[in-house]
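Q: Shown below is the structure under consideration.
2 protein chains.
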Amino acid sequence: MAEEISSMVLEPIGVIHTPYSKREDIPRQGRLSLELCEIEVFPEYAPALKDIEQCTHLFVIFWLHLGDRRRLTAVPPHDGKEHGVFATRSPSRPNSLALDVVELLEANGNRLKVRGMDALDGSVLLDIKPYSAGIDSFPQARIAWQKDGGATDR
Amino acid sequence: MAEEISSMVLEPIGVIHTPYSKREDIPRQGRLSLELCEIEVFPEYAPALKDIEQCTHLFVIFWLHLGDRRRLTAVPPHDGKEHGVFATRSPSRPNSLALDVVELLEANGNRLKVRGMDALDGSVLLDIKPYSAGIDSFPQARIAWQKDGGATDR
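Each protein sequence line maps, in turn, to chains F and D.
Take 1 as the starting number for the first sequence in the numbering used here and just add one per residue.
Take 1 as the starting number for the second sequence in the numbering used here and just add one per residue.
Spelled out as structure tokens, the structure:
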């Protein structure tokens, strides 16, 4: 266990290019945005992209470098009440991991054009996974503290 | 940037208890499994769970301690062809991050009863996020290399 834990160091595998250079520019959720963003995978990891163009949607995991890792509760701006960070998508959380679902528009070598990111320009890329409707899509999911249960884009 | 990268060390925030003590026991995808699993959040992070019971479904991110971080391609057993790891859910990938969507059945203090996990018993928990149908559900997503495009549980 000690060995496992000491090895939980993340490698940067690429950079995410977005039009959002300041925190205030970021849309509240990536899906609200029609902006094109580009995921640049470092050349040494390019072989891991083989057949990525066969996926219509991807999970993108990146590092929230502005998050405060000590914060355990957050007050979402559109809600005004305090919730535990694990019940929110706050950028402040014990491990600064962000997760977006994006639409893959084009794959060109080690660069992916995508829609639906809410990352700050220059964010460090950590992982890409194919989104599978059969195991990842739960249209019935609800979050009671959100006005509409999170059922629609907010 | 150098400072950001040097700080990308993950903290264990809990342990995942599942009936799967060996790799061969793990269902191919968590959603195939009706087994109950328990997520134990370490007491110091329990305040981050406030209002979690208001979420019907959660993203769970955990560490794939048996993954080989040097592998960039994988041959899924049900497919027999080589794909880049970013186009698969292989446990071997540059950053050993696993992502499951689970159904939350019960929240009791710092323990969550969930269904849909494919983690090995004792896996290190890294993050929990609420699943929002409006931003995370894409029933139309397809993966062309999978027989049915990933549209149904496999």
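Backbone N, C-alpha and C define an ideal beta-carbon position, used for all residues, glycine too.
To the nearest angstrom, how far is it from the Cα of F:L72 to the Cα of D:K147?
A: Rounded to the nearest whole angstrom, the C-alpha separation of F:L72 and D:K147 is 42 Å.
Q: Identify whether D:I135 lies in helix, strand or coil by the three-state DSSP scheme.
A: Helix.
Q: Considering only DSSP beta bridges, list what D:W63 is partnered with.
A: Looking at the DSSP output, D:W63 sits in a beta bridge with D:L97.
Q: Report the three-state DSSP secondary structure of D:A48 (helix, strand or coil).
A: In the three-state reduction of the DSSP assignment, D:A48 falls in the helix class.
Q: Measure from the alpha carbon of F:R69 to the alpha carbon of each residue in F:A46, F:S96, F:V75, then state which is nearest.
A: F:S96
Q: Using a cut-off of 9 Å between C-beta atoms, extract the partners of D:A119 located in chain F.
A: Within chain F, no residue comes near D:A119; the closest Cβ sits about 13 Å away, beyond 9 Å.
Q: Given a threshold of 16 other Cβ atoms within 10 Å of its Cβ, counted over all protein chains shown, does F:A87 qualify as buried or as exposed?
A: buried
Q: What did DSSP end up calling F:E24 once you bin it into helix, strand or coil?
A: helix
Q: Tell me whether the stretch 41–48 of chain F and the stretch 128–141 of chain D touch, counting them as touching only if at least three CB pairs, one residue from each stretch, are closer than 8 Å.
A: Put simply, the stretch 41–48 of chain F does not touch the stretch 128–141 of chain D. Fewer than three CB pairs are less than 8 Å apart.
Q: Using a Cβ cut-off of 7 Å, which residues of the stretch 52–76 of chain F contact any Cβ in chain B, in chain order?
A: Reference to chain B is not applicable here, since the protein chains of this structure are F and D.
Q: Measure the Cβ-Cβ separation of D:I13 and D:L104 and say whether it is below 7 Å.
A: no
Q: In terms of residue numbering, what span does the beta strand (DSSP E) encompassing F:S7 cover?
A: Careful: F:S7 lies outside any beta strand (DSSP E) and carries neither H nor E.
Q: Provide the residue(s) that pair with D:P130 in DSSP beta bridges, ordered along the chain.
A: D:L58
Q: Would D:L99 and D:I143 be called neighbours here (beta carbons separated by less than 7 Å)?
A: no
Q: Are D:H57 and F:A74 close, meaning C-beta to C-beta below 7 Å?
A: no
Q: Give me whichever residues DSSP pairs with D:R69 in a beta bridge.
A: None, per the DSSP bridge assignment.
Q: Around the Cβ of D:D118, are there at least 16 other Cβ atoms within 10 angstroms (buried) or fewer (exposed)?
A: By the neighbour-count rule (16 or more Cβ atoms within 10 Å), D:D118 is buried.
Q: Do you know how far the Cα of F:K113 is from the Cα of F:K22?
A: 21 Å
Q: Determine the direct distance from the alpha carbon of D:L64 to that of F:T18, and round the result to whole angstroms.
A: 29 Å
Q: Leaving aside the five residues before and after D:L120 along the sequence, list all residues of the same chain whose C-beta is less than 6 Å from its C-beta, in chain order.
A: Y20
Q: Taking F:E40 and F:A107 to be in contact with their CB atoms under 8 Å, please state how far apart those CB atoms are, rounded to whole angstroms.
A: That belief does not hold up - the Cβ atoms of F:E40 and F:A107 are roughly 12 Å apart, past 8 Å.
Q: Roughly how many angstroms separate the alpha carbons of D:V15 and D:E82, rounded to a whole number?
A: 32 Å
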